[in-house]
Amino acid sequence: MVGALYVVMMFLPELSFMYTFIIKFALSLLMLWIAFGFGSLQNYIRNMGAFYIINFAAAGGIIGIHYLLQNTGEIFNGIWFTASGGLSFELKIGFWFTFIMCFAVLLWFKFVYSTRRKLENRQEYMGEVIVTIGGYDVSCTGLLDTGNQLADPLTRTPVMVMEAALWKEKLPASWLERLSGGEPDKLLLEMNDADFEWRDRLRLVPYRGVNRGSAFMLAIKPDAVEIRIGNQTSRAVKVLIGLDGGNLSGDRSYQAIIHPDLVQEENSVKTETKPPVTPTSIGL
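Here UniProt numbering is used: position 185 in the sequence shown is 185, and no number is missing along the way.
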């Protein structure tokens, strides 16, 4: 409403002083105060920054697309020289072009912003995973999936899924292709005693896939799993590592899916950064 009333002033020449920088800036502060309130100074400055960034992005996008669609002749026809030797340019943009482009640029900005927010939120649930088996360590980036309830039905041991390619130095060469093709139960039946040094650690965990019925996942029993998310470090020994033959993340941002039971408080230790202690003198 305030912005609409401000536009009307362009038809009143005697109010030309309203188009100075101070008035424009003051009206923008007024619009933000009406829309969002004050709250705190930090929040108000954050809203003001977002307000100007969105407006400049929309205006710049409209002008950029306008120039992109013009040919060279149309651009030079709008340029003229003043008597004092200055250079001026006449900008002509239609109303519907401005309206449609403003809507398109704002949609694009909203899409980019929401995508960035999703990535930032996902980063809060990602951390470093270190799995130890017989003195052999494998580390990767894991994503905490709060909806993951995969566990061994007999012992209720939680299962953390990892990409089988992380264990290629220890797994038999033919296993990666067999795991990506499914049917790990047949893989165990065809395995000889000398094929795998960790044969006694292998388990078959039944699960129900999204696009298919019941299936089995090949899992291995580790000695320990350490998970570091933010300032929290968790260590678990009652856990199974499920081996997935594909890629868990399309953008390769993580290679393991962390079970929520592995980062519970009884398995976690929080590390906090304390400020240095400044020596004080005591007068007697």
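Cβ coordinates follow ideal geometry from the N, Cα and C atoms, glycine included.
Proximity of residue i and residue j at Cβ, strictly below 7 Å
i	j	result
Leu32	Asn43	no
Glu197	Gln255	no
Thr157	Leu240	yes
Leu179	Leu248	no
Arg228	Glu124	no
Leu218	Pro184	yes
Ala262	Ala236	Sequence check: residue 262 is Leu here, not Ala. Going by C-beta atoms, Leu262 is nearer than 7 Å to Ala236.
Ile257	Asn148	yes
Ile220	Leu202	yes
Tyr207	Leu154	no
Start-to-end residues for the beta strand (DSSP E) that takes in residue i
i	result
Phe216	Ser214 to Ile220
Arg208	Leu202 to Arg208
Ile177	The residue you asked about is not Ile; residue 177 is Glu in the sequence shown. Not the beta strand (DSSP E): Glu177 falls in the alpha helix (DSSP H), residues Trp175 to Ser180.
Glu190	Premise fails: Glu190 is in no beta strand (DSSP E) and is neither H nor E.
Gly242	Leu240 to Asp244
Ser234	Gln232 to Ala236
Heavy atom of the ligand ATP within 6 Å of residue i beta-carbon
i	result
Tyr113	The ligand ATP is not part of this structure, which contains no ligands at all.
Of the listed residues the options, nearest to residue i (C-alpha basis)
i	options	result
Ala165	Leu154, Leu189, Val138 and Asn148	Val138
Ser28	Phe38, Phe51, Gly37 and Gly39	Phe51
Ile65	Leu189, Cys102, Ile23 and Arg199	Cys102
Gly181	Phe216, Arg117 and Lys170	Phe216
Ile133	Glu169, Ala151, Ser114 and Leu150	Glu169
Leu171	Leu107, Arg199, Gln232 and Met160	Arg199
Local conformation of residue i per DSSP, three classes
i	result
Asp251	coil
Ser139	strand
Ala224	strand
Asp185	helix
Ala50	helix
residue 317	For residue 317 there is no data in the structure shown, the boundaries of the chain being 1 and 284.
Val131	strand
Pro260	helix
Cβ distance (whole Å) where residue i is taken to contact residue j below 8 Å
i	j	result
Pro260	Thr146	5 Å
Boundaries of the alpha helix (DSSP H) in which residue i is found, first to last residue
i	result
Leu27	Phe21 to Phe36
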